[in-house]
Every structure is written in C-alpha cells, then in structure tokens.
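Positions 0 to 53 (numbering that gives the first Met the number 0) are the ones given, in order, by the sequence shown. All residues carry an ideal CB built from backbone N, CA and C; glycine is no exception. For clarity, every value in this text was computed on a predicted model and none was experimentally measured. The structure under discussion appears below in the form of structure tokens.
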Amino acid sequence: MAQGNNSVQCTKCEKEEAYLVTVKNGRQYVVCKHCGNMLVVEVKNGQFTGKVEG
0 MAQGNNSVQC TKCEKEEAYL VTVKNGRQYV VCKHCGNMLV VEVKNGQFTG KVEG
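Take a look at the structure:
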C-alpha cells in the first residue's frame, strides 16, 4: 500500500501542504493539520493522482 507525504489542498480551509496518507477500512485518507477535515484521496503506484473527495 502506498504511504508517504503527498501535497494536497484541503477542500475546507484551502491550505495546501504535505500530509501523511493513512489507510482506514481500505480507503486512503489525509487529515488537514489546520482544520481537521478528513479527505479521501487516491494514490496509485505510490503517487498522489490528484483525485480528492471531501
């Protein structure tokens, strides 16, 4: 499973920075350090694809 730091823009507070990708129930998530918003992301072959569900 791909894990590591990837640059993501939060859909709530719109801050962009590197977040740690974690896996929960088979889905990949990042949690915004500023507002706590949890985003579902897509990572393929260790690379963030840019697809975000907020």
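First through last residue of the beta strand (DSSP E) which encompasses residue i
| i | result |
| --- | --- |
| Val20 | Careful: Val20 lies outside any beta strand (DSSP E) and carries neither H nor E. |
| Lys14 | No beta strand (DSSP E) contains Lys14, which DSSP labels as neither H nor E. |
| Lys43 | Met37 to Lys43 |
Closest by C-alpha distance to residue i, when choosing among the options
| i | options | result |
| --- | --- | --- |
| Arg26 | Glu41, Glu16, Glu13 and Cys12 | Glu41 |
Exposure of residue i, with buried meaning 16 or more beta-carbon neighbours within 10 Å
| i | result |
| --- | --- |
| Cys9 | buried |
| Val39 | exposed |
| Val30 | exposed |
Cutoff 7 Å; reference residue i; Cβ partners in own chain excluding five residues on either side
| i | result |
| --- | --- |
| Met0 | Residue placement at Met0 cannot be trusted, given a pLDDT of 36 that sits under 50; what the coordinates show is reported in the next sentence. Same-chain partners within the cutoff: Val22. |
Contacting residues, own chain, Cβ-Cβ under 6 Å from residue i (five flanking each side not counted)
| i | result |
| --- | --- |
| Lys11 | Cys34 and Asn36 |
Neighbourhood of residue i by C-beta, 8 Å cutoff - its chain only, sequence neighbours within 5 removed
| i | result |
| --- | --- |
| Glu15 | Ser6, Val7, Gln8 and Cys9 |
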